[in-house]
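Participant:
Number of protein chains: 2
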Amino acid sequence: MPDRSPVTGSRRGRRSGSASSRDAILDAARTEFAALGYRRATVRRIATAAGVDPAMINHHFGGKDALFSATLDLPFSPAAEIARAAAGPRDGLGERLVTRLLELWDASAGPTASSVLRTALEHDGTLEAVRAVVVEALVRVVPAEGTDPDEQRARWRATLAASQLLGLVMGRYLLGLGPLATAPRAEVVRGVAPTVQRYLAGPLD
Amino acid sequence: MPDRSPVTGSRRGRRSGSASSRDAILDAARTEFAALGYRRATVRRIATAAGVDPAMINHHFGGKDALFSATLDLPFSPAAEIARAAAGPRDGLGERLVTRLLELWDASAGPTASSVLRTALEHDGTLEAVRAVVVEALVRVVPAEGTDPDEQRARWRATLAASQLLGLVMGRYLLGLGPLATAPRAEVVRGVAPTVQRYLAGPLD
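From first to last, the protein sequence lines stand for chains A and B.
Position 112 (the first sequence) corresponds to 112 in the UniProt record's numbering; numbering is contiguous.
Position 156 (the second sequence) corresponds to 156 in the UniProt record's numbering; numbering is contiguous.
#1: Take A41 (chain B) as the anchor and find which of B:G62, B:H59, B:G51 and B:L67 has the nearest alpha-carbon.
#2: Only counting the same chain, and skipping five residues up and downstream in sequence, which positions put a Cβ closer than 6 Å to that of A181 (chain B)?
#3: Exposed or buried, what is D205 (chain B) when buried is set at 16 or more other beta-carbons lying within 10 Å of its beta-carbon?
#4: Nearest to L74 (chain A) by CA position, among A:R190, A:R44 and A:W105, is which residue?
#5: Alpha carbon to alpha carbon, how far is L165 (chain A) from R185 (chain A)? Give it in angstroms, no decimals.
#6: What residues in its chain sit with their C-beta under 8 Å from that of A132 (chain B), if we drop five residues either side in the sequence?
#7: Do three or more CB pairs link the region 89-97 of chain A to the region 48-56 of chain A at distances below 8 Å?
#8: So with Cβ pairs under 7 Å, would you call T195 (chain B) a contact of chain A?
#9: By how many angstroms is the C-alpha of L72 (chain B) removed from the C-alpha of A19 (chain B)?
#10: Does the beta-carbon of P203 (chain B) have 16 or more other beta-carbons within 10 angstroms, so that it is buried, or is it exposed?
#11: Excluding the five sequence neighbours on either side, which residues of its own chain have a C-beta within less than 6 Å of the C-beta of R198 (chain A), listed in chain order?
#12: Tell me which residues of the region 167-201 of chain A have at least one Cβ-Cβ distance to chain B shorter than 9 Å, keeping chain order.
#13: Measure how close the beta-carbons of A137 (chain B) and A79 (chain B) come, nearest whole angstrom, since I'm counting them as under 8 Å.
#14: To the nearest angstrom, how far is the alpha carbon of I82 (chain A) from that of L168 (chain B)?
#15: Say whether chain B places a C-beta atom closer than 7 Å to the C-beta of D205 (chain A).
#16: Closer than 7 Å by beta-carbon distance: list the chain B residues that pair up with T99 (chain A), in chain order.
#17: Let me see if you follow: with CB-CB separation under 7 Å, is W105 (chain B) close to chain A or not?
#18: Please state the DSSP three-state secondary structure of D205 (chain A).
#19: Could one say the Cβ of T48 (chain B) lies closer than 7 Å to chain A's Cβ atoms, at least one of them?
#20: List, in chain order, every chain B residue whose beta-carbon is nearer than 8 Å to that of S163 (chain A).
#21: With DSSP collapsed to three states, give me the class of S69 (chain B).
#22: Tell me the start and end of each unbroken beta strand (DSSP E) in the region 154-180 of chain A that is at least 3 residues and wholly inside, in chain order.
#23: Name, please, each residue of chain B whose Cβ falls closer than 7 Å to the Cβ of V135 (chain A).
#24: Along chain A, in chain order, which residues have C-beta atoms closer than 9 Å to that of R22 (chain B)?
#25: Let's see if you can read the secondary structure: which residues bound the alpha helix (DSSP H) around R100 (chain A)?
#26: At a Cβ threshold of 7 Å, is L160 (chain A) touching chain B?
#27: Nearest-angstrom Cα distance between S21 (chain A) and T31 (chain A)?
#28: Would you give the residue range spanned by the alpha helix (DSSP H) that R45 (chain A) belongs to?
#29: Based on Cα-Cα distance, which residue from B:L177, B:A144 and B:E128 lies nearest to S69 (chain B)?
#30: What's the gap between the Cα of V188 (chain B) and the Cα of G51 (chain A)?
#31: Look at the alpha carbon of P89 (chain A) and the alpha carbon of R157 (chain B), and state the distance between them as a whole number of angstroms.
#32: Is it right to say R44 (chain A) is buried, meaning 16 or more other beta carbons lie within 10 angstroms of its own, or is it exposed?
#33: Is L74 (chain B) helix, strand or coil when you go by DSSP?
#34: With the cut-off set at 7 Å, would you say A34 (chain B) and I46 (chain B) are in Cβ contact?
#35: Can you pull the chain B neighbours of R44 (chain A), defined as C-beta to C-beta under 7 Å?
#36: With a 10 Å radius around its C-beta and 16 neighbouring C-beta atoms as the bar for buried, classify D150 (chain A) as buried or exposed.
Have a look at this one:
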């Protein structure tokens, strides 16, 4: 499992006495996300419920996206990973995103990945959060200099890409669909990257 | 909900006294599929458990695929629908499959579709069955006259296609991903059909 510090902004271990407030925040966040859904839950409300200053949430987690990722026990922040993988030449966008997705899930595959996914699917609040975090992150990586730079079109592209990325994760890691589950990463990238590239930056009609 | 008779071969309502044996078969099938998984469960074992002749299962359901679909309360048989939609010119394969998928799920959308999908994801036996039924059905519709007609390659194509179709169903019906959930069917087909066409019958490398 990769060190989660650079991604979540957690500084566990550097400061004594911070573990308990971190845990209190996580507990409060799980409750708030489940009760209100991702959009309506706020860092301020979670801080109040946890009995800490809102600044502590940014200190421990770096923001709402990363706090949500931490409540899922994901060893990475989907939004941060998408933004990082998207940086670079437009032509390789799909390839970089699919490669990074596979690297992350291959590394944390098996029971952990499956249980996170199942948990998400069983709880509407978590579903809403996954939806919000992943789609918003993908909207931001649709190339703005494209032929259709407007917001609605970017959102359409992002949801199409999300459908393929989600289906890939489901098929390879949760359902174990035959060769898709066992193929070398490079072969999966060759198969799927052109789809993601077209959805985000290619001709759709 | 469409009449399920043409797909499942059910003749409910035409014969008096058949409802109880049909229900007994469904109960036994749910138990056997859950206990053994789709592949190891057999029509013969299910018939024995239900206290009926195996021929009654074909009479009521038309076979193992359709019996499995009936245990899920799906108003259609995935395998039969895939085979039917695939018939026709090779060029329109992806378009016909995506169109039919959307027609079926749009018609049964909402709580039913979501609960079937969630049930499938929560139970390994059901997961295995969905995997087996859908992937085997897709393997059979990969054009044999392609550049790579061998079985392994067909299976690779089928699982890639399954990943996109699955992600589409998840995104549009279960997660409700923004515009993907609300877009007119024709627009979704324009977006997704080229992906499925390439996976099943186009150049992959």
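We put the CB at the ideal spot given by N, CA and C, even for glycine.
Facilitator: In this structure, then:
#1: Position 41 of the second sequence holds residue 41 (chain B). Looking at the Cα atoms, B:L67 is the closest of the given residues.
#2: Locating residue 181 (chain B) in the second sequence gives position 181, counting from the first residue. The answer, listed in chain order, is R172.
#3: For the purposes of this step, residue 205 (chain B) is taken as the residue at position 205 of the second sequence. Flag for D205 (chain B) reads exposed.
#4: Residue 74 (chain A) sits at position 74 when you count from the first residue of the first sequence. Taking only the C-alpha atoms, the option nearest L74 (chain A) is A:W105.
#5: Numbered from 1 along the first sequence, position 185 holds the residue referred to as residue 185 (chain A). Numbered from 1 along the first sequence, position 165 holds the residue referred to as residue 165 (chain A). Near 14 Å, if we compare the C-alpha coordinates of L165 (chain A) and R185 (chain A).
#6: Working through the second sequence from its first residue, we reach residue 132 (chain B) at position 132. Only Y38 and R39 meet the Cβ criterion.
#7: no
#8: Counted from its first residue, the second sequence places residue 195 (chain B) at position 195. Yes, its Cβ sits closer than 7 Å to a Cβ of chain A.
#9: The sequence position of residue 19 (chain B) within the second sequence is 19, counting from 1. The sequence position of residue 72 (chain B) within the second sequence is 72, counting from 1. Taking the straight line from one Cα to the other gives about 17 Å.
#10: One-based indexing of the second sequence puts residue 203 (chain B) at position 203. By the 10 Å Cβ count, P203 (chain B) comes out exposed.
#11: Walking along the first sequence from the start, residue 198 (chain A) turns up at place 198. Cβ neighbours of R198 (chain A) beyond the five flanking positions: none.
#12: Correct list: G167, L168, V169, M170, G171, R172, L174, L175, G176, L177, G178, P179, L180, A181, A183, E187, V188, R190, G191, V192, P194, T195, R198 and Y199.
#13: As a working mapping, residue 137 (chain B) is identified with position 137 in the second sequence. As a working mapping, residue 79 (chain B) is identified with position 79 in the second sequence. Right, their Cβ atoms sit about 4 Å apart.
#14: Residue numbering aside, residue 82 (chain A) sits at position 82 when the first sequence is read from its first letter. Residue numbering aside, residue 168 (chain B) sits at position 168 when the second sequence is read from its first letter. Rounded to whole angstroms, I82 (chain A) to L168 (chain B) spans 20 Å at the Cα level.
#15: Working through the first sequence from its first residue, we reach residue 205 (chain A) at position 205. Chain B, which has a Cβ nearer than 7 Å to the Cβ of D205 (chain A), makes this yes.
#16: Counted from its first residue, the first sequence places residue 99 (chain A) at position 99. Going along chain B, no residue has its Cβ under 7 Å from T99 (chain A), so there is no contact; the nearest lies around 16 Å.
#17: The sequence position of residue 105 (chain B) within the second sequence is 105, counting from 1. W105 (chain B) does not count as touching chain A.
#18: One-based indexing of the first sequence puts residue 205 (chain A) at position 205. Coil.
#19: The residue you call residue 48 (chain B) lines up with position 48 of the second sequence. By this cut-off, T48 (chain B) is not an interface position.
#20: On the first sequence, residue 163 (chain A) is found 163 positions in, with the first residue counted as 1. Per Cβ cutoff of 8 Å: Q164, G167, L168, M170, G171, R172, L177, L180 and V192.
#21: The residue given as residue 69 (chain B) occupies position 69 in the second sequence. Three-state DSSP puts S69 (chain B) in a helix.
#22: none
#23: The residue labelled residue 135 (chain A) in the question sits at position 135 within the first sequence. Within 7 Å Cβ-Cβ: L177 and G178.
#24: Sequence index remark: in the second sequence, residue 22 (chain B) carries index 22 (1-based). Chain A residues near R22 (chain B): none, gap ~29 Å exceeds 9 Å.
#25: Here residue 100 (chain A) is taken as the residue at index 100 of the first sequence, counted from 1. R100 (chain A) -> alpha helix (DSSP H) spans L93 to A107.
#26: As a working note, residue 160 (chain A) is residue 160 in the first sequence. Chain B, which has a Cβ nearer than 7 Å to the Cβ of L160 (chain A), makes this yes.
#27: Counting from one through the first sequence, the residue named residue 21 (chain A) turns up at place 21. Counting from one through the first sequence, the residue named residue 31 (chain A) turns up at place 31. Cα to Cα, S21 (chain A) sits roughly 15 Å from T31 (chain A).
#28: What you label residue 45 (chain A) is simply residue 45 of the first sequence in a count that begins at 1. Looking at the DSSP string, the run of the alpha helix (DSSP H) that includes R45 (chain A) is V43 to A50.
#29: Numbered from its first residue, the second sequence carries residue 69 (chain B) at position 69. Per the Cα distances, B:E128.
#30: For the purposes of this step, residue 188 (chain B) is taken as residue 188 along the second sequence, with counting starting at 1. For the purposes of this step, residue 51 (chain A) is taken as residue 51 along the first sequence, with counting starting at 1. Their Cα atoms are separated by approximately 46 Å.
#31: Taking the first residue of the first sequence as position 1, residue 89 (chain A) is located at position 89. Taking the first residue of the second sequence as position 1, residue 157 (chain B) is located at position 157. Approximately 28 Å between the Cα atoms of the pair.
#32: Sequence index remark: in the first sequence, residue 44 (chain A) carries index 44 (1-based). Classification of R44 (chain A): exposed, given that the 10 Å Cβ count is below 16.
#33: Within the second sequence, the letter at position 74 stands for residue 74 (chain B). In this structure, L74 (chain B) counts as coil in the three-state DSSP scheme.
#34: Residue 34 (chain B) sits at position 34 when you count from the first residue of the second sequence. Residue 46 (chain B) sits at position 46 when you count from the first residue of the second sequence. Cβ atoms of A34 (chain B) and I46 (chain B): not closer than 7 Å.
#35: In the first sequence, residue 44 (chain A) corresponds to position 44, counting from 1. Simply none; closest approach about 26 Å.
#36: As a first step, residue 150 (chain A) is located in the first sequence; it is residue number 150 there, counting from the start. By the 10 Å Cβ count, D150 (chain A) comes out exposed.
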